[in-house]
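To start, the structure itself, in structure tokens.
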Amino acid sequence: MILVTGGAGFIGSNFILEWLRVVGEDVVNVDALTYAGNLANLSPLSGDGRHRFCRADIGDAETMSALLRSHRPRAIVHFAAESHVDRSIHGPGAFVRTNVVGTATLLEASRAYWNELTSQEQAAFRFLNVSTDEVYGSLGPRDPAFTETNLYRPNSPYSASKAGADHLVRAYHHTYGLPVLTTNCSNNYGPYQFPEKLIPLMIANALAGKPLPVYGDGLNVRDWLYVTDHCAAIRRVLEAGRPGETYNIGGNAERTNIEIVRQVCTLLDARRPDPAGPHARLVSYVKDRPGHDRRYAIDASKIERELGWRPAETFDSGLARTVDWYLANQGWVSEVVSGEYRNWVELNYGGRRS
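At position 25 of the sequence shown (counting the first as 1) the number is 31 in our numbering, and the numbers step up by one without a gap.
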């Protein structure tokens, strides 16, 4: 079996669903169920004995050690993280605790567990750390895309905390020999994404007739990766990646934020027309967030060259699938959009009108 941390979150839950569909190997899912963790994401696995859930914090050393010794996983896939830049600006402490201290605690428990394995089990074991392109900083309009050799230049508390985690993972390989792998991905989108992120927020607000808040001039650029493509890449890295190596995972789909918002509006106009007029009328430019990186772009040639992975979805096909999923799962959206979430949206966007 494998152990997955953060398996009730957006990418983690998609990974578990895809893992059991494609691979079929048992999964122990460890998640603290903070605001973005949602077991409803895994409702298709109800009654499936291959999925075992444990509510726990990766910063709890005793519990992590006990889980590893009792379940004896052959690999750990580490998704658990605080992951929203805006939230990190409002409260950086939680990001340091989870992303840096939590990862350090998990690594130490993993090292102790790995040291107890047989030499054959040690050779087969993997610790896969799921990270982000944001650790590389910001690109200029004509700069080449990020490769695995780019220097780390994080610009937000979130990206700095993820950079810290990446450095710890690297150190545990070079100091202790722990067989680690790191993946740095571009912006994910798709089913089960918490509606504080751009695409699901735009879908939810447009359907409700609310303003569609766009930071600054809307020309910040991101590379977009459909979540099941990301899951397939992680499976491939876990299967054949070389210990100690880093693999960038991108969707080859650079888009400005305003392009994304307008494309979401166009899809909704066709699928759920609003009698009041085109959804794009709701676009509202708001004050930019502090330190907003201008552009990210991933060069994923290494993982394609060495492991044969490339994204299956284009951005157009992936976005259409995403909009269709949210339209078909409004009950899920209603359940996750709690009072706490509404308070957060007001905190982050309420004072930014421009």
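Note that CB positions come from ideal geometry on N, CA and C, so glycine has one too.
Everything numeric in this text was worked out from a predicted model, so none of it was measured.
So, for residue i: in the same chain, excluding its five sequence neighbours on each side, which residues have a beta-carbon less than 6 Å away from its beta-carbon?
| i | result |
| --- | --- |
| Y142 | F152 and N156 |
| G250 | H179 |
| D63 | A38 |
| Y347 | Annotation note: pLDDT 48 at Y347 (below 50); position unreliable, coordinate value reported separately. Nothing meets the Cβ criterion. |
| A61 | The displayed chain sequence assigns Arg, not Ala, to residue 61. Answer for R61: L39, listed in chain order. |
| L225 | T262 |
For residue i, which residues in the same chain have their Cβ closer than 8 Å to its Cβ, ignoring the five residues on either side in sequence?
| i | result |
| --- | --- |
| E2 | Past the boundaries of the shown model lies residue 2; the chain is included only from 7 to 360, so the question cannot be answered. |
| P50 | L23 |
| A14 | N35, D37, L39, G43, N44, L45, N47, L48 and F59 |
| S340 | none |
| D66 | T111 |
Whole angstroms are fine: how far does the CA of residue j sit from the CA of residue i?
| i | j | result |
| --- | --- | --- |
| K293 | G222 | 5 Å |
| T188 | R311 | 17 Å |
| R295 | S167 | 18 Å |
| N193 | I264 | 15 Å |
| L123 | T111 | 19 Å |
| A246 | I309 | 10 Å |
| L213 | A87 | 29 Å |
| R93 | Q126 | 43 Å |
| R268 | G12 | 32 Å |
| D280 | L231 | 29 Å |
| S116 | A129 | 14 Å |
| L204 | N211 | 11 Å |
| W350 | G99 | Low local confidence applies: a pLDDT of 47 at W350 is under 50, so the model's placement there is unreliable, and no value is given. |
| L184 | W120 | 8 Å |
| I95 | G297 | 9 Å |
Since I believe residue j is in contact with residue i (beta carbons under 8 Å), could you give me their beta-carbon distance rounded to a whole number of angstroms?
| i | j | result |
| --- | --- | --- |
| F59 | F200 | Actually they do not touch by this definition, with Cβ atoms about 19 Å apart. |
| N44 | C237 | Actually they are not in contact, since the Cβ atoms of N44 and C237 sit about 17 Å apart, beyond 8 Å. |
| V83 | V136 | 7 Å |
| Y164 | F101 | 6 Å |
| A259 | C271 | With a Cβ gap of about 18 Å, A259 and C271 do not count as contacting. |
For the alpha helix (DSSP H) that residue i lies in, which residues bound it at each end?
| i | result |
| --- | --- |
| V33 | That residue, V33, is in no alpha helix (DSSP H); its beta strand (DSSP E) goes V33 to D37. |
| E245 | V233 to A246 |
| V329 | F321 to A334 |
| L204 | L204 to A214 |
| V175 | P163 to Y182 |
| P98 | P98 to F101 |
Does the separation of the CB atoms of residue i and residue j fall below 9 Å?
| i | j | result |
| --- | --- | --- |
| D235 | G314 | no |
| N105 | A171 | yes |
| V29 | R241 | yes |
| T252 | E154 | yes |
| R301 | R228 | yes |
| F133 | A81 | yes |
| P206 | G257 | no |
| A306 | I266 | no |
| L274 | K216 | no |
Ends of the beta strand (DSSP E) at residue i?
| i | result |
| --- | --- |
| H84 | A81 to H84 |
| V292 | V289 to V292 |
| R27 | Note, R27: premise wrong, no beta strand (DSSP E); alpha helix (DSSP H) at F16 to V28. |
| L187 | V186 to C191 |
| R261 | E260 to T262 |
| S137 | R132 to T138 |
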